[in-house]
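Encoded as structure tokens, the structure appears first; notes follow it.
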Amino acid sequence: MASSSSTHPVMKEDGECRNWAELPYELASSILSRLDMIDILENAQKVCTSWRSVCKDPAMWRKIIMRNSGDWRFGVEPGDHVPSRS
1 MASSSSTHPV
11 MKEDGECRNW
21 AELPYELASS
31 ILSRLDMIDI
41 LENAQKVCTS
51 WRSVCKDPAM
61 WRKIIMRNSG
71 DWRFGVEPGD
81 HVPSRS
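Numbering (the UniProt record's numbering), first residue to last: 1 to 86.
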């Protein structure tokens with residue numbers, strides 16, 4: 001994932017800056033729960049502290065769809081990290 005949005009706010013057309021780290025918790029959780037397990041563990045939780053907080057929430061791990069979660073190149077199988085998060 002790219003660097004933290006807290007250091008690189010997104011400029012809207014009207015000139016207003018939007019900081020993705022300030023998304024409401026429920027919205028961030030809804031968005032991040034659509035990522036696969038590997039993306040959450042290896043990328044999303046490293047973006048900013050608010051995303052890390054969402055990624056570490058046990059409630060989020062009950063919502064994650066485990067499709068295509070295994071990445072055999074890295075020796076990670078679906079569910080390897082889930083028990084330590086919930």
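Cβ atoms here follow ideal geometry from the backbone N, Cα and C, with glycine treated the same way.
No experiment lies behind these values; they were computed from the predicted model shown.
For residue i, tell me which candidate among the options has the shortest Cα-Cα distance.
i: D36; options: C55, E16, L27; result: C55
i: P24; options: I38, S50, Q45; result: S50
i: R52; options: R62, A21, K63; result: A21
Classify residue i as buried or exposed, calling it buried when 16 or more other Cβ atoms lie within 10 Å of its own Cβ.
i: A59; result: exposed
i: L32; result: buried
Go through its chain and collect everything with a Cβ distance to residue i's Cβ below 8 Å, but skip five positions before and after it.
i: D57; result: S29
i: E26; result: none
Here's a check: name, in chain order, each residue in its chain whose Cβ is nearer than 6 Å to the Cβ of residue i, leaving out the five neighbours to either side.
i: K63; result: S33
For residue i, which residues in the same chain have their Cβ closer than 7 Å to its Cβ, ignoring the five residues on either side in sequence?
i: A44; result: M1, L32, L35, W51, C55
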